[in-house]
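S.K.: For the first sequence, the residue numbers in the working numbering are 17 to 568.
Dropping the structure in here first, questions after.
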Amino acid sequence: MKKKDNEKIVLKNSYDDIVNVSLDTISIGKQALIFVSTKRSAEKTAEEIASKISFEQINNKGKLKVLSENILHALNNPTKQCERLSKIVLKGIAFHHSGLSNKQKFLIEEAFRKGDIKIIVATPTLAVGVDLPSFRTIIKDVKRFSGFGMNFIPVLEYLQMAGRSGRPSYDNYGESIVLVKNNREEIIERYIYGSPESITSKLAVEPALRSHILGLISTNIENSYSGIIKFFENTFYGYQYGNKERLKDIIDRILKFLLDEGFIIEENEEENKKDAKNSEKDSDEYKNETDDDFFITAKDIYEDEKIKVEKKYYSTRIGERISQLYLDPLTASIIIKGLKKLNEKIKKGEQNIISFINLLSYSLELKPFPNVKKKDYELIEEFYFKNQKYFIYNEEDEMFEYDYDFFLKGIKLTLIFLSWIDEKDENYLFETFDITPGELQSKKEIFDWLLYSSYEISRILNYNFYNKFSKLRMMLKYGVSEELLSLVSIKDIGRKRARLLYNKGIKNIHDIKNADINVLKKILGEKLAVKIKKASTEKKELEINLDLEKKF
DNA sequence: GGACGGTGAAACTTCAGGTTGCCTC
DNA sequence: GAAGTTTCACCGTCC
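Below you can see the structure in the form of structure tokens.
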């Protein structure tokens, strides 16, 4: 490429420049990554580029057709998003963002690596760490919405994106192109000549510090107060914080929180317990002590006083488990309070499956929460008012005092999970709640972890309903209601086949065992029927005690 | 005259991402 | 703040 040509591309000021640069990149036999600021824009831009490429000009049609098919059928039922992506992939163009399923993301990255896909239009998903044969990075937006209007993206992020191109394993050099409408000089100054922002320690975020302090204590790496302080003083966080007193204040606050919640205990308490046990023995020993010995003991007491100032901490059983589960202690504390509420509801007979889901729907681990859009209001509020008594959290809760939107977001999540285990079609979920396959997948994974954590916490706290959480996990995993759990435990039976069988009166493993093979063949087809019959006889009993008889 | 379709301006809506965290058959 | 989508008024065409 001659320098002149490059400048011509960079200086053009119309939206079509994206298309122009992309086509130019393809024509010189190279590949490009285009970064935009929103998912919607990624899809639209990719389609725009693809529309200017004729399928006839493409020489690897065969490979792209296969790829396109794979992308279309990456999910059980292709969504509109799948259709859009599979269509443009035929032209060697793709979009890439968090809304795609993992499989689709993987397929696209692989195809780009092999050179079949020429252009990927991405949100910052691809900005960090990937090693792809991209010759050009084209940045369409240097500003991004951040709650308070549009802000410039950090220089660090610009550098990360630019750094995706000209990877040593593929090229000798790469090009980074920023498309600007105005403020050209300002952008050059900021990103080309500007220096990157300084790096800040991630430990400075309190959830992280909370987890790490509990972790240090529960693994007995540091138990003494001074040891904990010293540990953090020696981290990059401590170095950056500088102000030791302030660091101490924060650690004090967190220790107090962990103590108040019963996740750790102070040594004094521990010692007192030991003292109580040993008191009898000790008093016997005292009888034989000489005056001298007594004097030494007094000195010891003085030493003890010193140790008391140097407090020591130990984790409780629940604290240790929380740390092992990698739960933010604050989340754990919220879960514990929620469990208490749930227990009261159960006593009053005001619980159902909604209560169990709602209990966890506000966990910060689920961030970012799905947006509640205008059209959602009616559906969400109706659902809430209809089932109000089953909710663990209601609108008067102080948690929502200044944030009604947060309240609605949690209900929306509750409703999404409920619909999923109510066997609603995936496409129904995507369209009704405006979520993407990728988002649903990641929310399900996190929720599964939270359910397991709740199972563990409620078991330790002796709540007799703890098994319900593992049951709910299975329901969430397969997207089925309670009645299908026995059936889906057999390999090759998912939510759809289970429902087919159930509706024909075959309701569990035993029914399959006893069923006439011809009946099964009619429902599932010949091969599958044989396979499943065999699996049902080999399967002992449902291993996990799911309380299948007891309903929520 | 009314139905229909095309066009463009105005109004409205919405906005990135993910490291690992647990257990088990 | 701005891109993308939806809505709506307006106009021309056709039957």
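Ideal Cβ placement from N, Cα and C applies to all residues, glycine included.
(1) Start and end of the beta strand (DSSP E) containing Met166?
(2) What does the Cβ neighbour count give for Glu498, buried or exposed, with the cut at 16 atoms within 10 Å?
(3) Grouping DSSP H, G and I as helix and E and B as strand, with all else coil, what is Phe568?
(4) Taking the DSSP output, what are the residues bridged to Leu49?
(5) Residues in the same chain with beta-carbon distance under 7 angstroms from Ile124, minus the five sequence neighbours each way, listed in chain order, please.
(6) Please classify Lys55 as buried or exposed, where buried requires at least 16 other C-beta atoms within 10 Å of its C-beta.
(7) Does the distance from the CB of Thr41 to the CB of Phe151 come in under 8 angstroms?
(8) Just reading off the alpha helix (DSSP H) that Arg160 is part of, what are its end residues?
(9) What is the C-beta distance between Leu466 and Ser379, in whole angstroms, given that I count them as a contact (C-beta under 8 angstroms)?
(10) Looking only at its chain, what residues have a beta carbon closer than 8 angstroms to the beta carbon of Ile266, apart from the 5 residues adjacent to it on each side?
(11) Can you tell which of Tyr186, Ser162, Ile154, Val171 has the C-alpha that lies nearest to the C-alpha of Leu148?
(12) What span of residues does the beta strand (DSSP E) with Phe111 cover, start to end?
(13) Any idea what DSSP makes of Ile14, helix, strand or coil?
(14) Who does Ile193 pair with in a DSSP beta bridge?
(15) Going by C-alpha to C-alpha distance, which of Gly131, Phe481, Asp438 sits closest to Asp45?
(16) For the beta strand (DSSP E) containing Tyr518, list its first residue and its last residue.
(17) Enumerate, from N- to C-terminal direction, the unbroken beta strand (DSSP E) stretches of 3 or more residues contained entirely within the stretch 196 to 276.
(18) Determine the direct distance from the alpha carbon of Ala138 to that of Gln120, and round the result to whole angstroms.
(19) In angstroms with no decimal places, state the Cα-to-Cα distance between Ser30 and Lys197.
(20) So Asn386 and Ile451 are in contact, right, with Cβ under 8 angstroms, and what is the actual spacing, rounded?
(21) Taking 7 angstroms as the cut-off, is the C-beta of Thr61 nearer than that to any heavy atom in the ligand ATP?
(22) Taking the runs of the beta strand (DSSP E) that are 3 residues or longer, which of them lie wholly in the stretch 422 to 453?
(23) Excluding five sequence neighbours on each side, which residues of the same chain lie with their C-beta closer than 7 angstroms to the C-beta of Leu91?
(24) Is Tyr479 helix, strand or coil when you go by DSSP?
(25) Can the beta-carbon of Tyr518 be found less than 8 angstroms from the beta-carbon of Leu540?
(26) Please list the terminal residues of the continuous alpha helix (DSSP H) segment that includes Ser331.
(27) Give every residue of the same chain whose Cβ lies closer than 8 angstroms to the Cβ of Glu173, excluding the five residues on either side of it in the sequence, and list them in chain order.
M.R.: To lay it out plainly:
(1) 166 to 168
(2) buried
(3) coil
(4) Ile136, Thr153
(5) Ala110, His112, Ile133, Ile136
(6) buried
(7) yes
(8) Segment 159 to 161 is the beta strand (DSSP E) holding Arg160; no alpha helix (DSSP H) there.
(9) 5 angstroms
(10) Glu222, Leu225
(11) Tyr186
(12) 109 to 112
(13) A query on residue 14 cannot be resolved here, the shown segment of the chain reaching from 17 to 568 and no further.
(14) Ile154
(15) With the sequence shown as reference, residue 45 is identified as Gly, and Asp is not the correct amino acid for it. It is Gly131.
(16) Note, Tyr518: premise wrong, no beta strand (DSSP E); alpha helix (DSSP H) at 511 to 519.
(17) none
(18) 13 angstroms
(19) Confidence in Ser30 is poor, its pLDDT being 39 and thus under 50, which makes the residue's placement too unreliable to answer from.
(20) Per the sequence shown, the amino acid found at residue 386 is Pro instead of Asn. Contact flag correct, Cβ pair sits at about 6 angstroms.
(21) Ligands displayed in this structure: none; no statement on the ligand ATP is therefore possible.
(22) none
(23) Cys98, Ser117, Glu442, Pro453
(24) coil
(25) no
(26) Taken as a continuous stretch (DSSP letters only), Ser331 belongs to no alpha helix (DSSP H), being part of the beta strand (DSSP E) at 329 to 331.
(27) Pro140, Ala143
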